[in-house]
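Worksheet: one structure, shown below.
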Amino acid sequence: MQLDGLRSQLAATKATADASAASAQSAQLQCLALVKELDEKNSSLKEHEDRVTRLGQQLDNLQKDLQARESSQKQLKDEVFRIEQDIMQTIAKAGVNKDCELRKLLDEVSPKNFERINKLLVVKDEEIHKLKDEIKIMSAHWKLKTKELESQLEKQLRADQELKKRVLKLEFCLQEARAQTRKLQRMGERRDKAIKELRDQLAAKQQDAHVGTEKQNFWETSGFKIVVSMSMLILVVFSKR
6 MQLDGLRSQL AATKATADAS AASAQSAQLQ CLALVKELDE KNSSLKEHED
56 RVTRLGQQLD NLQKDLQARE SSQKQLKDEV FRIEQDIMQT IAKAGVNKDC
106 ELRKLLDEVS PKNFERINKL LVVKDEEIHK LKDEIKIMSA HWKLKTKELE
156 SQLEKQLRAD QELKKRVLKL EFCLQEARAQ TRKLQRMGER RDKAIKELRD
206 QLAAKQQDAH VGTEKQNFWE TSGFKIVVSM SMLILVVFSK R
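Under my numbering, the residues of the sequence shown are numbered 6 to 246, in order.
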């Protein structure tokens with residue numbers, strides 16, 4: 006009866022140990038899944054950061070292009086103004102009158118030059134305005150992407166903290182499950198040892214009972230009774246002598 010009870014306890018202990026091992030394995034798988042999820046989010050965040058960085062570089066290039074075009078336009082205007090001043094000063098110093106062919110030619114060519122230069126400057130102005138508009142759009146887009154990135158970073162930080170808490174909790178549960186499994190294994194070993202001792206004791210008792218039965222059967226055999234009777238007869242004969 007005691008042996009059956011120990012067997013039942015051992016079976017229950019083994020079932021508990023198996024459940025603890027399954028729980029520990031499940032916790033380990035959850036930890037691996039959380040780590041994988043964290044890696045995927047970090048990869049996505051890195052891609053978004055790269056896009057924002059490229060957008061910022063494009064914006065810087067547009068601003069540099071705009072500055073170069075504005076500087077080129079200013080240099081062109083200054084150069085045209087300087088050439089006109091040089092021509093006018095040269096004519097004034099030479100004392101050329103209004104009827105001079107050079108003066109007439111200058112009067113005819115200057116308006117054409119101004120018209121052509123003005124058209125060129127208008128084109129340059131349009132290009133500059135277009136660049137400014139592109140920069141405004143790009144800047145607004147960049148600011149929007151930057152805000153989105155900051156928002157994602159905040160969410161990612163909160164998610165990372167939450168995942169770290171869950172991982173720590175799962176690791177603690179895993180350690181507890183392993184400790185419980187080792188404890189149950191030790192209990193199982195002790196119970197196996199106790200069952201072996203009980204079996205040895207039971208075998209010894211059965212052997213003692215078998216030997217006792219053989220001794221009892223020996224005293225009750227007919228041969229033993231005949232020997233006893235002959236011994237008693239011999240004792241009586243010798244006593245009469």
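Even for Gly, the Cβ is constructed at its ideal location relative to N, Cα and C.
Distance CB(C71)-CB(L136) smaller than 8 Å: Along the sequence shown, read from residue 1 onward, the residue named residue 71 stands at position 66. Along the sequence shown, read from residue 1 onward, the residue named residue 136 stands at position 131. Residue 71 is actually Leu in this sequence, not Cys. It is a contact, given that the beta carbons lie within the stated cut-off.
Beta-carbon proximity list for R74, same chain, < 8 Å, skipping 5 on both sides: The residue given as residue 74 occupies position 69 in the sequence shown. Contacts found: K129, E132, I133, L136.
For Q166 and S48, the rounded distance between their alpha carbons: As a first step, residue 48 is located in the sequence shown; it is residue number 43 there, counting from the start. As a first step, residue 166 is located in the sequence shown; it is residue number 161 there, counting from the start. Those two C-alpha atoms are separated by around 17 Å.
Presumed contact (8 Å Cβ cut-off) between L67 and M143, rounded CB distance: For this step, residue 67 is matched to residue 62 along the sequence shown. For this step, residue 143 is matched to residue 138 along the sequence shown. That pair is a contact at about 6 Å.
Inter-residue Cα distance where the pair is D44 and S77: Locating residue 44 in the sequence shown gives position 39, where the first residue counts as 1. Locating residue 77 in the sequence shown gives position 72, where the first residue counts as 1. Cα atoms of D44 and S77: separation of roughly 49 Å, rounded to the nearest angstrom.
Burial state of L149 (16 or more Cβ within 10 Å): For this step, residue 149 is matched to residue 144 along the sequence shown. So L149 ends up on the exposed side.
Sequence ranges, beta strand (DSSP E) only - wholly within the region 151-184, length at least 3: Fully enclosed beta strand (DSSP E) runs of 3 or longer: not present.
Presumed contact (8 Å Cβ cut-off) between L37 and Q161, rounded CB distance: The residue you call residue 37 lines up with position 32 of the sequence shown. The residue you call residue 161 lines up with position 156 of the sequence shown. With 8 Å as the limit, L37 and Q161 do not qualify as a contact, their Cβ atoms being about 20 Å apart.
Same chain, Cβ closer than 8 Å to E54, five either side skipped, listed in chain order: Here residue 54 is taken as the residue at index 49 of the sequence shown, counted from 1. Hits under 8 Å: L154.
Reference A16, options D197, E202, K201, closest by Cα: Locating residue 16 in the sequence shown gives position 11, where the first residue counts as 1. Closest by alpha carbon: D197.
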